[in-house]
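A quick write-up on the structure given underneath.
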Amino acid sequence: MQRVFSGVQPTGIAHLGNYLGAFRNWVALQASHECIYCVVDLHAITENWQTGGTLAQQTREMAAMLLACGIDAQKHILFAQSSVRAHAQLAWIFNCVARIGWLNRMTQFKDKAGKNRENASSGLYVYPNLMAADILAYHATGVPVGEDQRQHLELANDIAQKFNHDCGTEFFPRIEPLIMGPAPRVMSLRDGTKKMSKSDASDQSRINLTDDPDTIALKIRRAKTDPEPLPSEARGLEHRPEARNLVGIYAALESVDHAAVLREHGGKGFGTFKDTLAALLIDKLRPIAAEARRLLDDPSSVDAVLRDGAQRAAAIADPIVAEAERLVGFLRP
Ligand code: TYM
102 MQRVFSGVQP TGIAHLGNYL GAFRNWVALQ ASHECIYCVV DLHAITENWQ TGGTLAQQTR
162 EMAAMLLACG IDAQKHILFA QSSVRAHAQL AWIFNCVARI GWLNRMTQFK DKAGKNRENA
222 SSGLYVYPNL MAADILAYHA TGVPVGEDQR QHLELANDIA QKFNHDCGTE FFPRIEPLIM
282 GPAPRVMSLR DGTKKMSKSD ASDQSRINLT DDPDTIALKI RRAKTDPEPL PSEARGLEHR
342 PEARNLVGIY AALESVDHAA VLREHGGKGF GTFKDTLAAL LIDKLRPIAA EARRLLDDPS
402 SVDAVLRDGA QRAAAIADPI VAEAERLVGF LRP
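If you use the working numbering, the sequence shown corresponds to residues 102 to 434, in order.
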């Protein structure tokens, strides 16, 4: 059975992009794969974070949201990254394998560091090395992510290959990005050329998984569109990023493709389509938000899930990372 690994940063409330690009697929893969899912709190501190318990609470809330979406933490594994030491240990080795030239090509670092590059943390720069360690510490070969993570996964393969070459082994497997479904890149509701993101200043740009029905309906009604009605074929969505985005969201929620949505809704104006889309979103998201709230009524139960997950994760990762250390040649007196 193929082992899959994926992670999400606890840097804010999960949004529809996380859900359609990642979480839904994580849930689906549980039927056929051995799944390890992680709230990546070590990654979360690469950018400004608030001390004083906020990170711990955000980690707990993200874990509750994943459980509410349908992650089965008994059959599979859910844990917080910082509680399994193997991630940071392997990441250090990978810091010494990855070349600076490779990291310089990472578009996410350029986007996140922006103009203030000199002031970015060195952790943000080596972020992809830690991501490679997350996956390879488990010898996972499938990685379900949204489209925005593709470049990081290519780098992880480069790191694995160089490690294997330098150590003269085939120790780390090749990993395969699992980029699934009709919405691998959900765009901002305010600008169809920008991805939906937790860090966008405008809350109107995204649907948070905790938004109440009125907020969802309002955000969809206000979503940017163009004046034309919906096309009746998928190629009519070319050069219409906002229309394409809303159709993609609808298609993902209904588990169909763009063409099927347009067969049903082609020719309609956006007013009608947005009403149907908002109703569908509310229908799908309301039970998830309610379940996350219910789980957080008893925070210790979420913490217990994470504690158990960390133990089971460490039992897989520790021997793999110990072997990587042996291959590097550390003295183990
Ligand atoms: P993060 O926390 O930004 O996002 C978590 C997952 O959600 C997907 N996603 C999207 N998919 C479609 N449309 C969007 N607008 C959108 N926004 C986010 C992301 O692609 C991701 O799958 N670096 C990762 C976390 C990570 C990781 C890993 C992932 C750390 N280690 C190891 C896989 C394997 C990140 O910041 O995801």
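Beta carbons: idealized from backbone N, C-alpha and C, even for Gly.
The residue from Asp327, Val185, Arg286, Met163 with its alpha-carbon nearest to that of Ala352 is Arg286. Per DSSP, Pro245 is one residue of the beta strand (DSSP E) stretching across 243-245.
Val403 counts as buried, since at least 16 other C-beta atoms from the protein chains shown sit within 10 angstroms of its C-beta. Nearest to Phe106 by alpha-carbon distance, out of Ile260, Met163, Ala234, is Ala234. For the 8 Å CB-CB criterion, Tyr239 and Ile421 form a contact.
At least one heavy atom of the ligand TYM falls within 7 Å of the beta-carbon of Phe106. Between Arg275 and Ser289, the C-beta spacing is not below 8 Å.
Trp203 is positioned such that its CB atom lies closer than 8 Å to that of Leu256. Per DSSP, Leu432 is not a residue of any beta strand (DSSP E), being assigned neither H nor E.
Annotation for Val128: Cys170, Gly171, Ile172 place their beta carbon closer than 7 Å to its own, counting only its chain and skipping 5 residues before and after. Nearest in C-alpha terms to Ala344, of all of Arg322, Gln305, Gly293, is Gly293. For a cut-off of 8 Å, the C-beta gap from Gln252 to Met207 is around 6 Å, short enough to register as a contact. A distance below 8 Å between beta-carbons, with the five flanking residues on each side excluded, links His134 to the following residues of its chain, in chain order: Met102, Gln103, Arg104, Val105, Gly243. For the beta strand (DSSP E) assignment, the uninterrupted runs of no fewer than 3 residues enclosed by the stretch 158-199 are, from N- to C-terminal side, 178-181. The beta carbon of Gly410 sits closer than 7 Å to the beta carbons of Ala174, Ile178, Leu179, Phe180 from its chain, once the five residues preceding and following it are set aside; these are given in chain order.
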